[in-house]
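Participant: Chains as they are written, first to last, in our numbering: chain A, 1 to 111; chain B, 112 to 226.
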Amino acid sequence: GENVEQHPSTLSVQEGDSAVIKCTYSDSASNYFPWYKQELGKRPQLIIDIRSNVGEKKDQRIAVTLNKTAKHFSLHITETQPEDSAVYFCAAIGTASKLTFGTGTRLQVTL
Amino acid sequence: NAGVMQNPRHLVRRRGQEARLRCSPMKGHSHVYWYRQLPEEGLKFMVYLQKENIIDESGMPKERFSAEFPKEGPSILRIQQVVRGDSAAYFCASSPQAGAEETQYFGPGTRLLVL
Numbered sequence: 001g002e003n004v005e006q007h008p009s010t011l012s013v014q015e016g017d018s019a020v021i022k023c024t025y026s027d028s029a030s031n032y033f034p035w036y037k038q039e040l041g042k043r044p045q046l047i048i049d050i051r052s053n054v055g056e057k058k059d060q061r062i063a064v065t066l067n068k069t070a071k072h073f074s075l076h077i078t079e080t081q082p083e084d085s086a087v088y089f090c091a092a093i094g095t096a097s098k099l100t101f102g103t104g105t106r107l108q109v110t111l
Numbered sequence: 112n113a114g115v116m117q118n119p120r121h122l123v124r125r126r127g128q129e130a131r132l133r134c135s136p137m138k139g140h141s142h143v144y145w146y147r148q149l150p151e152e153g154l155k156f157m158v159y160l161q162k163e164n165i166i167d168e169s170g171m172p173k174e175r176f177s178a179e180f181p182k183e184g185p186s187i188l189r190i191q192q193v194v195r196g197d198s199a200a201y202f203c204a205s206s207p208q209a210g211a212e213e214t215q216y217f218g219p220g221t222r223l224l225v226l
């Protein structure tokens, strides 16, 4: 089955700096890669996703890149703000319809 | 345009009791997925259902856990004879169609505490 690894597990940046979270996946048939943000005690919320026929996607301060050859995908947050502090999960969907999640990155944006 | 609904939001059970968790998908969505999140961990897939059918239950423990999505009403995740290790947040998600590229939208979760 699919296996998703995520790094780093914790990330602390100063307000205004950029944050990058990286994931790798194992199933070469995977073709959909969403990113979720989860605040304490809340539901995972989809913030951006990318499909396999696209190499990069951007939505305001958030961008995701995908390298299918290397089976890597990354989340980039620019001009970070305190409200970006949360746990971020990458995920992949392979041959089945179930999401396989990474282990999460706890992002702390300090003033 | 209500999102995915789950109830109860919090559930406390004593060891040996039954826990019943409900999930109503978004309007127009006929595919439901259940995930479990242990404290300080990521989400793990449990089961994928369509109306009246279990499509993939590869993540469900073999005993005590069952799920259904009847023709009418919400999807239900049932845990019999709960143990302390069942304490977790249980999230359901829904999507409008099948397929590996369909976005899944999550409900607020049910936080189960087993005493």
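Just so you know, even glycine gets a beta-carbon here, dropped at the ideal spot from N, CA and C.
Considering just the uninterrupted stretch of the beta strand (DSSP E) at B/Ala130, what are its terminal residues?
Facilitator: Along the second sequence, read from residue 1 onward, the residue named residue 130 of chain B stands at position 19. Start and end: 130 to 135.
Participant: For A/Gly102, which residues in chain B fall below 8 angstroms Cβ to Cβ?
Facilitator: As a working mapping, residue 102 of chain A is identified with position 102 in the first sequence. Result: Gly153.
Participant: Can you give me the start and stop residues for the beta strand (DSSP E) that A/Glu5 sits inside?
Facilitator: Looking up residue 5 of chain A in the first sequence gives position 5. From DSSP, the beta strand (DSSP E) with A/Glu5 extends over 4 to 7.
Participant: Strictly under 9 angstroms for the Cβ-Cβ distance: is B/Ile165 near chain A by that measure?
Facilitator: Taking the second sequence and counting its residues from 1, the one referred to as residue 165 of chain B is at position 54. Chain A contact via Cβ: absent.
Participant: Let's test the definition: count the other Cβ atoms within 10 Å of the Cβ of A/Ala70 and tell me whether it reaches 16, buried, or not, exposed.
Facilitator: As a first step, residue 70 of chain A is located in the first sequence; it is residue number 70 there, counting from the start. So A/Ala70 counts as exposed.
Participant: Of all Cβ atoms in chain B, is any one closer than 9 angstroms to the Cβ of A/Gly1?
Facilitator: Working through the first sequence from its first residue, we reach residue 1 of chain A at position 1. Chain B contact via Cβ: present.
Participant: Would you kindly report the start and end of the unbroken beta strand (DSSP E) that includes A/Ser30?
Facilitator: Indexing the first sequence from 1 puts residue 30 of chain A at position 30. No beta strand (DSSP E) contains A/Ser30, which DSSP labels as neither H nor E.
Participant: Report buried or exposed for A/Val4, applying the criterion of at least 16 other Cβ atoms within 10 angstroms of its Cβ.
Facilitator: In the first sequence, the residue the question calls residue 4 of chain A occupies position 4. Its Cβ being crowded by 16 or more others within 10 Å, A/Val4 is buried.
Participant: Would you list, in sequence order, the uninterrupted beta strand (DSSP E) runs of no fewer than 3 residues that lie entirely inside the segment 161 to 197 of chain B?
Facilitator: Those beta strand (DSSP E) runs which fall completely within the segment 161 to 197 of chain B and span 3+ residues are 164 to 167, 176 to 179, 186 to 190.
Participant: Name the two residues that bound the continuous beta strand (DSSP E) containing B/His140.
Facilitator: Against the second sequence, residue 140 of chain B aligns to sequence position 29. Careful: B/His140 lies outside any beta strand (DSSP E) and carries neither H nor E.
Participant: Counting only C-beta atoms, is B/Gly170 closer than 9 angstroms to chain A at any point?
Facilitator: Against the second sequence, residue 170 of chain B aligns to sequence position 59. It does; some Cβ of chain A falls within 9 angstroms.
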